[in-house]
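Below: one structure, written as structure tokens.
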Amino acid sequence: MPRILKVDPWNPEEEFIEEGAALLRAGRLVAFPTETVYGLGANGLDGRAVGRIFSAKGRPGDNPLILHFSAPEEAEGAAILTERARCLMDLFWPGPLTLVLPVREGIPPEVTAGLSTVAVRMPSHPVALALLARTGLPVAAPSANSSGRPSPTDAASVASDLGDRVDLILDGGSSSVGVESTVLDLTGPDMILLRPGGCPVEEIEARTGERVLLAGGSTNRSPGTRYRHYAPLVPLLIAGDEGVRERVSAHRGRVGWIGMASPETFFAPGIVPDEYAIRFSNPENYARGLFSALRTLEASGARLIAAEWPEEKGIGRALRDRLYRASRE
Ligand code: TXA
Ligand code: MG
């Protein structure tokens with residue numbers, strides 16, 4: 279078991295934050311809470327430390343990492359900020375929005391996977407902010423799951439995926455957003471959405487007065503979106519898809535459910551037993567609970583998980599993306 283320190287999320291204990299910061303400075307790995315999901319952090323200026331992230335997660339080396347900062351000005355040391363980037367930082371930082379910008383010299387290729395761009399973000403979770411401020415370094419951090427698994431939204435999920443491949447877990451409670459940050463490419467003339475996430479596209483458009491274009495073919499999407507992702511240990515099916523009713527009926531009584539509606543909207547009574555039905559009152563709560571519901575149901579004895587396909591608006595766009603990729607076999 280890794281070392282886990284429970285930290286007060288509203289008033290992080292200084293000695294715990296210092297312990298995390300000291301490990302990061304020494305090239306070790308520290309998992310910490312953000313408002314989206316838990317991150318697996320390393321000193322973003324130390325290529326060897328960053329390399330440890332890839333081995334701990336089993337992550338493909340060609341998938342670049344996000345650098346985290348405790349203030350917008352600090353991102354300036356790693357990325358070349360455009361007028362538009364500053365405007366978005368003003369509007370949305372700290373918060374679940376990651377910006378891809380031209381990289382400055384001195385950022386190790388382990389962070390960028392050798393690209394000429396770098397992803398930067400300032401999270402809003404007080405524990406993350408305290409750790410970043412105390413460390414005084416850009417902290418490279420992917421989600422703190424084993425590669426391919428659902429992202430962790432609490433310390434127990436990090437511990438169960440990574441064990442003692444992580445040197446310390448700062449436990450600051452459950453992540454409030456529950457899905458990762460929105461990733462926007464700002465390197466060209468248009469804002470391009472590389473990954474839908476916690477910051478809805480509609481909000482970006484409304485507050486900037488500009489359009490966000492959706493990434494087209496597989497080439498200009500985030501490298502990370504190429505891989506199988508978020509998958510629970512049992513198959514995940516989308517309710518309403520072709521053939522799902524038949525597959526689900528074959529496992530009557532052993533089917534898990536995640537969604538806002540009742541499973542009986544889609545399936546006959548008895549297919550999903552009450553104890554296997556995890557329901558949310560709105561799309562925001564669905565996003566907040568999705569990854570932990572996948573982990574709960576895979577451990578519950580359910581043979582299949584069926585999920586409701588939400589509307590493609592607001593946080594629903596990120597939910598659809600995660601559900602789609604978790605359901606690909
Ligand atoms: O909410 C989040 O973003 C969380 C927390 C911990 O901050 N982090 C996270 O990191 O989700 P990760 O590594 O799981 O996802 C980062 C995504 C990947 O899809 C990656 O390919 C993309 O960002 N990315 C990173 N650098 C990039 C770059 N230079 N160009 C394009 N995409 C990039
Ligand atoms: Mg991830």
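Terminal number for the sequence shown in our numbering: 607, no gaps in between.
Ideal Cβ placement from N, Cα and C applies to all residues, glycine included.
DSSP places Met-469 in the strand class (E or B) of the three-state scheme. Secondary structure of Ser-348 (DSSP, three-state): coil.
With contacts defined by Cβ atoms closer than 8 Å, Leu-410 and Ser-348 form a contacting pair. Ser-452 has its Cβ no nearer than 7 Å to any heavy atom of the ligand TXA.
The region 597-606 makes contact with the region 563-579: 3 or more CB pairs, one atom from each, lie closer than 8 Å. Taken in chain order, the unbroken stretches of beta strand (DSSP E) that lie wholly in the region 514-544 and span 3 residues or more are 514-516 and 533-537.
Within the chosen limit of 7 Å, the ligand TXA reaches the beta carbon of Gly-317 through at least one heavy atom. Going by beta carbons, Leu-582 and Arg-525 fall inside the 8 Å limit.
The Cβ-Cβ distance between Leu-575 and Tyr-554 falls below 8 Å. The closest heavy atom of the ligand TXA lies less than 7 Å from the beta carbon of Ile-344.
Residue side-chain check: Ser-421 places its Cβ nearer than 7 Å to a non-hydrogen atom of the ligand MG. Here Gly-466 is exposed: its Cβ has fewer than 16 other Cβ atoms, across all protein chains shown, within 10 Å. With a beta-carbon spacing of about 4 Å, Arg-473 and Val-461 fall inside the 8 Å limit used to define contacts. One Cα belongs to Pro-561, the other to Asp-468, and the distance between them is close to 28 Å. Looking only at Leu-377, Ala-539 and Glu-313, the smallest Cα-Cα distance to Ala-397 is reached by Leu-377. DSSP, read as helix, strand or coil, puts Phe-558 in coil. Shortest gap from the CB of Leu-472 to any heavy atom of the ligand TXA: under 7 Å. Assignment of beta-bridge partners to Ser-421 by DSSP yields Gly-317. Taking the CA atoms as reference points, Ser-452 sits about 22 Å from Leu-345. Judged by their CB atoms, Ala-327 and Gly-355 are not nearer to each other than the 8 Å cut-off. Under the rule that a run must span 4 or more residues, the alpha helix (DSSP H) segments found entirely inside the region 357-392 read 361-370 and 387-390.
The ligand TXA has no heavy atom closer than 7 Å to the beta-carbon of Val-526. Comparing alpha-carbon positions, the option among Ala-509, Ala-357, Glu-542 and Leu-446 lying closest to Pro-428 turns out to be Ala-509. Remark: three or more beta-carbon pairs, one from each stretch, lie closer than 8 Å, so the region 535-547 and the region 583-590 are flagged as touching. Non-local beta-carbon contacts of Ser-605 in its own chain, meaning distances under 7 Å to residues more than five positions away in sequence, involve Leu-514, Leu-515 and Ile-516 in chain order. Our two residues, Ala-422 and Leu-491, have alpha carbons roughly 29 Å apart in a direct line. With 16 or more other Cβ atoms inside 10 Å of its own Cβ, Asn-321 counts as buried. Residues Pro-541, Val-550, Tyr-554, Ala-555, Ile-556 and Ala-584 of the same chain have their beta carbon placed closer than 7 Å to that of Trp-535, with the five preceding and five following residues left out of the count. Relative to the non-hydrogen atoms of the ligand MG, the Cβ of Glu-313 never comes closer than 7 Å to any of them. With a cutoff of 8 Å on beta-carbon distance, Pro-280 and Ile-447 are scored as near each other.
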